[in-house]
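Encoded as structure tokens, the structure appears first; notes follow it.
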Amino acid sequence: MRRRIAAGNWKMNGVSADLREARAIAQAAQGLAVETLLGLPATLIMAARDMSVTLGGQDCHAEPKGAFTGDLSAPMLADAGAQFVIVGHSERRALHGETDAAVAAKARAAQAAGLTAVICIGETEAQYRGGATLEVLAAQLSGSLPAGATAESTIVAYEPVWAIGTGLTPTPDEIQAVHAFIRDRLPDRDIAVLYGGSVSPANAATIFSLADVDGGLVGGASLKAETFIPIMQALEDAR
Ligand code: 13P
16 MRRRIAAGNW
26 KMNGVSADLR
36 EARAIAQAAQ
46 GLAVETLLGL
56 PATLIMAARD
66 MSVTLGGQDC
76 HAEPKGAFTG
86 DLSAPMLADA
96 GAQFVIVGHS
106 ERRALHGETD
116 AAVAAKARAA
126 QAAGLTAVIC
136 IGETEAQYRG
146 GATLEVLAAQ
156 LSGSLPAGAT
166 AESTIVAYEP
176 VWAIGTGLTP
186 TPDEIQAVHA
196 FIRDRLPDRD
206 IAVLYGGSVS
216 PANAATIFSL
226 ADVDGGLVGG
236 ASLKAETFIP
246 IMQALEDAR
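For reference, each letter of the sequence shown is one residue, going 16 to 254 in the numbering used here.
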């Protein structure tokens, strides 16, 4: 049985007043068999650590400590109450110049600290239009996944860059084909492969019905309980 995971990524959103949304999401998560993960801003992790939801950070440094002003290490996130960390999000790859090798180093650091690494991959719009999607994903997978990645230590999130925050998604057939392609290249076929990019209460049931989709990595719709809980429920009800 593969893991089934509804994961939220709050990105650079959320102050302490927004913990009420996290609390409502955690309460709903308690009644579900699927896993619910929340990638909070690091400033909120400690305050949410007693909630019944799996908490995570959104990035970590590859080193456990040192003179890296402004950065956070995987052991620091674990100490605050995180159980996972997102690495290689397309926003980090694009805006912070993170390479596949840097992402793999971060994933190794996460795993060394006992955190699950949620490793993100995805093609840009130009790559999609140019028919290069599978080639790009194959390169990102081989470059970003640490050797020996397992279903326990690793989650892969397929997030087409052009689908993030745009309201656009690939067709269900495209998503399924890409997920099957990804699964064929995983060191452990049981690693959960999540889809991310404009997941909403309206499209979640369709996306989660696909054979090789094990859940979602959700941005905007994860910020509010009223939009994230229906997505969690759609995963619970799928297949
Ligand atoms: P949206 O759900 O807002 O498109 O964001 C997806 C994402 O980047 C999650 O990591």
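Glycine included, C-beta positions come from ideal geometry on N, C-alpha and C. For clarity, every value in this text was computed on a predicted model and none was experimentally measured.
Taking residue i as the reference, give the member of the options with the closest Cα.
i: A116; options: L160, L52 and T221; result: L160
i: K26; options: S237, A253, A249 and I244; result: S237
i: A41; options: V118, R254 and F243; result: F243
i: R38; options: D252, E140, T184 and A240; result: A240
i: A178; options: G234, S88 and M66; result: G234
i: V176; options: R198, G103 and R254; result: G103
i: V100; options: G112, H111, V118 and A109; result: V118
i: L53; options: A220, L149, N24 and H111; result: N24
i: G182; options: R35, N218, G81 and L209; result: N218
i: R144; options: A253, E189, E251 and R198; result: E189
i: T114; options: E140, A154 and A124; result: A154
i: F223; options: G112, R198, A124 and A249; result: A249
i: E36; options: E50, V49 and V68; result: V68
i: G158; options: G180, R123, P185 and A141; result: R123
i: P245; options: V49, R64 and G112; result: V49
i: E140; options: A22, E174, M91 and L87; result: E174
Just the Cα atoms here: how many angstroms apart are residue i and residue j?
i: R18; j: P216; result: 21 Å
i: T58; j: G211; result: 24 Å
i: G85; j: P56; result: 14 Å
i: V151; j: E138; result: 6 Å
i: D203; j: G71; result: 22 Å
i: T165; j: I206; result: 6 Å
i: L47; j: G146; result: 39 Å
i: A95; j: R107; result: 22 Å
i: L201; j: I136; result: 13 Å
i: L232; j: G81; result: 31 Å
i: A253; j: M16; result: 14 Å
i: D33; j: T131; result: 25 Å
i: Q142; j: D199; result: 21 Å
i: A63; j: I170; result: 22 Å
Would you decide whether residue i is buried or exposed? Buried here means 16 or more other CB atoms lie within 10 Å of its CB.
i: F83; result: exposed
i: L156; result: buried
i: A74; result: In the sequence as displayed, the identity of residue 74 is Asp instead of Ala. Burial call: buried.
i: A97; result: buried
i: G129; result: exposed
i: S168; result: buried
i: Q45; result: exposed
i: P79; result: exposed
i: M247; result: buried
i: A109; result: exposed
Report the CB separation of residue i from residue j in whole angstroms; it is logged as a contact under 8 Å.
i: A77; j: A120; result: 4 Å
i: V214; j: A172; result: Actually they are not in contact, since the Cβ atoms of V214 and A172 sit about 11 Å apart, beyond 8 Å.
i: T221; j: P187; result: 6 Å
i: L209; j: I20; result: 6 Å
i: A89; j: A127; result: 7 Å
Just checking, does the region 183-199 make contact with the region 220-227 on the three C-beta pairs under 8 Å criterion? yes
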